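Have a look at the structure below before the remarks.
2 protein chains.
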Amino acid sequence: MQSENHKKTIYAAILGAGTVGTGVYKLCQEMKSEFVQKTGADLVVKKVLVRNASKKREGIEDAVLTDNWKEIIEDPEIDIVIEVMGGIEPAKTYIIEALEAGKQIVTANKDLLAEHGQEVMAAAEKAGADLEFEAAVAGAIPIIRPLKQSMAGNRISEVMGIVNGTTNYILTKMSEKGMDYAEALAQATELGYAEADPTADVEGYDAGRKMAIMASIAFNSRVTFPQVYTEGITKISADDIRYAKEFGYVIKLLGLARNTPEGIEVKVHPMLIDENHPLAGVKDAFNAVFVHADAMDDAMFMGRGAGQMPTASAVMGDVVDVMRNLVYNCCGRVGCSCYKQLPVKQIGETKSKFFLRIHAQDKPGVLANIASVLGNNGVSIAQVVQKSRKGGIAELVIITDEVQENNFNDAMTIFSGMSVVKEISGVIRVY
Amino acid sequence: MQSENHKKTIYAAILGAGTVGTGVYKLCQEMKSEFVQKTGADLVVKKVLVRNASKKREGIEDAVLTDNWKEIIEDPEIDIVIEVMGGIEPAKTYIIEALEAGKQIVTANKDLLAEHGQEVMAAAEKAGADLEFEAAVAGAIPIIRPLKQSMAGNRISEVMGIVNGTTNYILTKMSEKGMDYAEALAQATELGYAEADPTADVEGYDAGRKMAIMASIAFNSRVTFPQVYTEGITKISADDIRYAKEFGYVIKLLGLARNTPEGIEVKVHPMLIDENHPLAGVKDAFNAVFVHADAMDDAMFMGRGAGQMPTASAVMGDVVDVMRNLVYNCCGRVGCSCYKQLPVKQIGETKSKFFLRIHAQDKPGVLANIASVLGNNGVSIAQVVQKSRKGGIAELVIITDEVQENNFNDAMTIFSGMSVVKEISGVIRVY
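As given, the protein sequences belong to chains A and B, one line each in that order.
Our numbering puts the first residue of the first sequence at 2, with every later residue one more than the last.
Our numbering puts the first residue of the second sequence at 2, with every later residue one more than the last.
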């Protein structure tokens with residue numbers, strides 16, 4: 002029921018006036034009359050928190066800039082705090098203080114949620130407040146709301162995603178143009194898709210944080226970033242991509258979260274997926290999330306995973322939702338959904354298929370030798386192709402059946418001690 | 002704020018025990034404990050309305066079956082009415098009576114919403130009640146909630162979708178197996194993808210109803226089914242598909258809704274789309290909706306558009322949402338979003354590119370003649386290829402630039418009166 006004395010004007014503060022903050026401010030101005038129609042209330046940005054309030058900001062009125070957090074936290078008129086500053090601190094402190102002061106939160110902060118989600122969600126729960134974070138995962142793509150609400154009638158068993166645009170851009174260029182990793186990274190950097198220090202992207206940390214958040218929601222059980230196995234794309238070669246293509250696969254950096262009877266698996270690593278899988282067609286800087294659940298079967302969500310306005314779009318969807326809750330006096334109606342406590346598996350306990358390339362001495366009995374090492378460790382071979390023979394060295398490409406990772410690693414350890422095996426390369430999992 | 006005296010048990014009634022109704026009942030039982038965790042309340046299906054209450058229903062307790070609407074409408078304990086009987090009447094009367102009796106509605110009824118949406122939404126608004134209908138469009142795919150909520154910070158300019166699984170299955174088989182229309186339809190019927198009378202699917206009516214609903218929400222202005230131009234797939238030939246492929250296109254039955262400065266365009270017709278467009282890869286009975294908006298840019302949502310459990314999944318997402326609203330006493334918080342009154346264009350006023358095949362006399366001057374008729378009517382040619390010459394007849398395949406449909410039709414009328422033009426076939430729009 003709409004409260005009789007509901008607020009006609011809702012005041013918000015934006016923390017951070019970087020790319021995303023400026024985009025959010027812009028949408029608050031441009032969509033003003035639409036928001037009134039959609040929610041019955043007028044949205045006014047009263048303050049924008051910045052480090053240096055005397056510095057001019059393109060597109061933001063000087064009067065709203067402040068470098069004093071107290072002007073926000075102590076202002077009882079401000080109902081919504083939009084945190085788009087990023088990083089753990091001071092964002093975490095600000096969010097918790099704002100919740101304690103009775104304010105609602107919209108945040109785009111994946112680092113914070115993937116590591117301290119429990120603490121901030123508990124603070125929101127205690128305050129009976131909204132804490133919404135659609136923008137923290139996969140930019141503009143609506144995925145948090147679908148997972149929490151639209152799919153509430155399902156048991157979700159798998160969430161798989163291309164949730165890092167930088168690495169998807171690099172792999173797309175390697176695949177389409179035959180570039181090697183360094184060249185594709187250089188191009189991504191030049192175009193602004195990769196940061197000066199690309200570590201968080203190319204090593205899979207950024208994707209891992211998003212997977213921790215999605216797994217927590219999909220399986221109703223907390224997964225934190227340190228529990229996510231991550232492996233990046235820096236070792237993927239043009240050869241790997243070419244060979245994969247010959248087998249009908251493309252290579253993507255995939256986040257994979259599964260709910261199994263023995264526990265939750267969450268990992269990020271390069272993976273060969275069938276060229277006909279919907280995720281295989283997701284190119285350049287686009288993101289996509291593929292979900293399998295018992296009732297709805299398969300669904301996929303694709304869109305812009307980053308960028309000023311796409312991220313601001315996701316933030317504003319949440320802001321409008323919070324405005325509706327304020328108007329109807331029902332903040333906190335969709336709270337933390339981690340009501341189970343499921344174990345999270347170690348990577349070695351999970352199962353995968355593997356693609357690998359082995360350079361070995363080209364003499365009788367070597368293939369039998371390699372096959373028996375695999376067999377003795379429980380690794381069965383699905384496909385094997387001899388790619389080349391030169392200078393007494395044969396190159397074998399092997400795709401295994403599904404195997405427990407510990408067993409596979411044992412076989413790799415034995416290979417590394419065998420004189421006939423010259424090199425193991427391109428060890429990539431297969432979906 | 003959660004109401005202190007919030008209901009610990011929420012009673013629902015399901016109208017209809019067909020395929021979807023049985024699926025909904027099943028999820029209500031199977032997910033019982035999850036719903037308590039998600040909403041804080043227990044969901045109990047108290048009644049299932051059927052025509053013949055003495056007939057046994059597999060999976061539904063006899064005790065809840067009733068053929069008496071009064072047992073539902075007059076039961077003050079029942080808070081949620083889940084309408085999955087389909088058709089305009091008596092569904093419409095039941096929904097309006099239920100709203101007047103203070104109940105919340107979840108419905109999967111696209112026919113009703115596409116034709117009488119305004120009336121039922123007004124009744125919900127008057128009652129301050131929820132009326133949710135995610136399952137009415139594109140089955141399990143979350144699209145109503147994303148359009149209404151997640152994208153609230155955007156101005157949406159285009160919604161394009163493959164929203165009918167039957168026709169997508171038929172076109173996929175025609176494209177992949179070279180089947181003609183009749184053969185592919187026969188296979189779809191045999192597999193249960195097409196109904197005994199496939200008219201609503203193959204003529205685009207089903208897709209047209211879904212597009213009316215999506216356009217209304219996306220553009221915040223009511224569009225009803227009679228305002229949607231529909232054209233089916235019955236005239237698509239194996240030749241059309243083969244030629245389209247040669248030009249790098251696939252043929253899909255697309256729903257297309259655009260918000261232009263001159264008004265809203267909503268149409269359903271076969272269309273050539275680039276083979277690299279994400280919608281081109283949506284195969285068999287899958288549905289997908291592609292949305293373009295100013296802030297988020299492009300997004301696509303793909304999944305099962307029909308079927309018992311996928312549809313039940315969408316219904317239950319809404320039921321859980323309504324349960325949360327009941328617990329927090331905030332029903333009606335997301336109401337009708339048609340707060341504008343935009344004109345809807347006639348099909349002749351819209352612009353399209355066209356693909357067409359012309360069989361004409363193979364003699365000097367005929368191409369010039371054809372080209373000048375097009376030119377005189379404002380139709381410019383983007384591509385033209387002469388496909389064959391035999392028996393004094395040449396086959397031309399033409400792709401035009403974008404042209405107002407009225408102008409294009411004028412040219413076609415002139416062709417039909419020209420003795421050198423023997424046949425015009427395969428007139429299909431191009432995205």
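Glycine included, each C-beta is placed from N, C-alpha and C at the ideal position.
Everything numeric in this text was worked out from a predicted model, so none of it was measured.
Between the Cα of LYS128/A and those of GLN309/A, ILE106/A, PHE355/A, VAL65/A, spot the shortest distance and give me the residue it belongs to.
The residue labelled residue 128/A in the question sits at position 127 within the first sequence. This sequence places Ala at residue 128/A; Lys is not what is there. The shortest C-alpha separation from ALA128/A is found at ILE106/A.
Q. Would VAL321/B count as contacting chain A if we go by Cβ distances under 9 Å?
A. Looking up residue 321/B in the second sequence gives position 320. Yes, because at least one Cβ of chain A sits closer than 9 Å to the Cβ of VAL321/B.
Checklist entry - Three-state secondary structure (DSSP) at ALA412/B? => result Along the second sequence, read from residue 1 onward, the residue named residue 412/B stands at position 411. Correct three-state label for ALA412/B: helix.
Opening and closing residue of the alpha helix (DSSP H) in which ARG243/B lies: By one-based count along the second sequence, residue 243/B stands at place 242. 239–247 is the extent of the alpha helix (DSSP H) around ARG243/B.
| said: Between ASP299/B and chain A, is the shortest Cβ-Cβ distance under 9 Å, so that the two count as touching? | reply: Counting from one through the second sequence, the residue named residue 299/B turns up at place 298. With 9 Å as the cut-off, ASP299/B counts as an interface residue toward chain A.
Exercise. Whole-angstrom Cβ separation of LEU132/B and VAL85/B, contact assumed at under 8 Å?
Worked result: Against the second sequence, residue 132/B aligns to sequence position 131. Against the second sequence, residue 85/B aligns to sequence position 84. That pair is no contact at about 14 Å.
Original post:
Using DSSP with H/G/I as helix, E/B as strand and the rest coil, what is ASN370/B?
Top reply: In the second sequence, residue 370/B corresponds to position 369, counting from 1. Helix at ASN370/B.
- chain A partners of VAL45/B, CB-CB under 9 Å? Within the second sequence, the letter at position 44 stands for residue 45/B. Near VAL45/B there are no residues of chain A at all, since even the closest Cβ is about 16 Å away, more than 9 Å.
Within 9 Å of any Cβ in chain A, is that where the Cβ of ASP295/B sits?
Walking along the second sequence from the start, residue 295/B turns up at place 294. Yes - at least one Cβ of chain A is within 9 Å of the one on ASP295/B.
**OP:** Name, please, each residue of chain A whose Cβ falls closer than 7 Å to the Cβ of GLU135/B.
**Re:** Position 134 of the second sequence, counted from the first residue, corresponds to residue 135/B. What GLU135/B touches in chain A: SER151.
Checklist entry - Should GLY209/A be flagged as near chain B, meaning a C-beta pair shorter than 9 Å? => result On the first sequence, residue 209/A is found 208 positions in, with the first residue counted as 1. Not a single CB atom of chain B sits nearer than 9 Å to the CB of GLY209/A.
If you measure beta-carbon to beta-carbon, which residues of the segment 326–349 of chain B are closer than 9 Å to chain A? For the segment 326–349 of chain B, which is checked against every Cβ of chain A, the residues closer than 9 Å are ASN326, VAL328, TYR329, ASN330, CYS331, CYS332, GLY333, ARG334, VAL335, SER338, TYR340, LYS341.
Query raised in the report: With 16 as the cutoff for other CB atoms within 10 Å, does GLN305/A come out buried or exposed?
Result: Here residue 305/A refers to the residue found at position 304 when the first sequence is read from its first residue. Residue identity differs from the one stated: residue 305/A is Arg in this sequence, not Gln. Buried is the call here.
- Range of the contiguous beta strand (DSSP E) that encloses PHE220/A: Within the first sequence, residue 220/A is the residue found at index 219, counting from 1. Run containing PHE220/A: none in the beta strand (DSSP E); it sits in the alpha helix (DSSP H), 206–220.
Let's test the definition: count the other Cβ atoms within 10 Å of the Cβ of THR40/B and tell me whether it reaches 16, buried, or not, exposed. By one-based count along the second sequence, residue 40/B stands at place 39. By the 10 Å Cβ count, THR40/B comes out buried.
Taking only the alpha-carbon atoms, compute the straight-line gap between MET1/A and MET310/B and give it to the nearest angstrom.
The question about residue 1/A has no answer here: the residues shown for chain A are numbered 2 through 432.
**Request:** Flag MET317/B as yes if its beta-carbon sits less than 9 Å from any beta-carbon of chain A, otherwise no.
**Result:** Sequence index remark: in the second sequence, residue 317/B carries index 316 (1-based). Judged by the 9 Å Cβ criterion, MET317/B is in contact with chain A.
Q) Which residues in the same chain have their Cβ closer than 6 Å to the Cβ of TYR230/A, if we skip the five residues on either side of it in sequence? A) Against the first sequence, residue 230/A aligns to sequence position 229. Once the five neighbours on either side are set aside, the close Cβ partners of TYR230/A are LYS268, ILE348.
(Q) 9 Å is my cut-off, CB to CB: does ILE81/B come that close to chain A? (A) Position 80 of the second sequence, counted from the first residue, corresponds to residue 81/B. Chain A contact via Cβ: absent.
Going by DSSP, what residues sit across from SER420/B in a beta bridge?
-> Here the question's residue 420/B lines up with position 419 in the second sequence. According to DSSP, SER420/B bridges with nothing at all.
Cβ shell of ALA102/A (< 7 Å), same chain only, five flanking positions each side left out = Locating residue 102/A in the first sequence gives position 101, counting from the first residue. Only ILE74 meet the Cβ criterion.
Do we get a CB-CB distance below 9 Å when we pair PRO365/B with the residues of chain A?
As a working note, residue 365/B is residue 364 in the second sequence. False, the Cβ-Cβ gap to chain A never drops below 9 Å.
Worksheet item: Going by other Cβ atoms of all chains shown within 10 Å of its Cβ, with 16 needed for buried, is ASN277/B buried or exposed?
Response: Residue numbering aside, residue 277/B sits at position 276 when the second sequence is read from its first letter. Answer is exposed; the Cβ neighbour count stays below 16.
- Task: Determine the chain A residues that contact MET310/B at a beta-carbon separation under 8 Å, and present them in chain order.
- Result: Indexing the second sequence from 1 puts residue 310/B at position 309. Within chain A, the residues near MET310/B are ASP295, ALA296, MET297, ASP298.
| said: Comparing C-alpha positions only, which one of GLU35/A, ARG334/A, PRO77/A, VAL386/A sits nearest to PHE356/A? | reply: Working through the first sequence from its first residue, we reach residue 356/A at position 355. When C-alpha distances from PHE356/A are compared across GLU35/A, ARG334/A, PRO77/A, VAL386/A, the shortest belongs to VAL386/A.
| said: Closer than 8 Å is the cut-off here; do at least three beta carbon pairs connect the segment 356–370 of chain A with the segment 419–426 of chain A? | reply: yes
Between which residues of its own chain and VAL321/A is the CB-CB distance below 7 Å, once the five residues before and five after are set aside? Taking the first sequence and counting its residues from 1, one reaches residue 321/A at position 320. For VAL321/A, where only same-chain residues beyond five positions count, the Cβ hits under 7 Å are PHE36, LYS39, THR40.
Next on the checklist: Quick check: the Cα distance between ASP68/B and ILE145/B, rounded to an integer number of angstroms?
Outcome noted: Residue 68/B sits at position 67 when you count from the first residue of the second sequence. Residue 145/B sits at position 144 when you count from the first residue of the second sequence. Going from the Cα of ASP68/B to the Cα of ILE145/B covers about 31 Å.
Does DSSP put VAL121/B in a helix, in a strand, or in coil? Counting from one through the second sequence, the residue named residue 121/B turns up at place 120. The answer is helix: DSSP assigns VAL121/B an H, G or I state.
Open item on the list: For the segment 154–168 of chain B, list every residue whose C-beta sits within 7 Å of some C-beta in chain A, in sequence order.
Closed with: GLY154, ASN155
(Q) So VAL21/B and ALA141/B are supposed to be a Cβ contact under 8 Å. How far apart are they, rounded? (A) As a working mapping, residue 21/B is identified with position 20 in the second sequence. As a working mapping, residue 141/B is identified with position 140 in the second sequence. So it is not a contact: roughly 12 Å between Cβ atoms.
Cβ atoms of SER151/A and MET152/B: under 9 Å apart, would you say?
-> Position 151 of the second sequence, counting from 1, holds the residue named residue 152/B. Position 150 of the first sequence, counting from 1, holds the residue named residue 151/A. No.
Within 9 Å, strictly: CB atoms of VAL251/B and ALA281/B: Here residue 251/B refers to the residue found at position 250 of the second sequence. Here residue 281/B refers to the residue found at position 280 of the second sequence. Taking 9 Å as the Cβ cut-off, VAL251/B and ALA281/B qualify as a contacting pair.
**Study point:** CB contact check: LEU28/A to chain B, cutoff 9 Å
**Key:** Taking the first sequence and counting its residues from 1, one reaches residue 28/A at position 27. Yes - at least one Cβ of chain B is within 9 Å of the one on LEU28/A.
Which class does ALA115/A belong to by DSSP, given the choice of helix, strand or coil?
-> Looking up residue 115/A in the first sequence gives position 114. Of the three classes helix, strand and coil, the one that applies to ALA115/A here is helix, per DSSP.
Handout entry: Residues from the segment 85–119 of chain A in contact with chain B, defined by Cβ distance under 7 Å
Key = none
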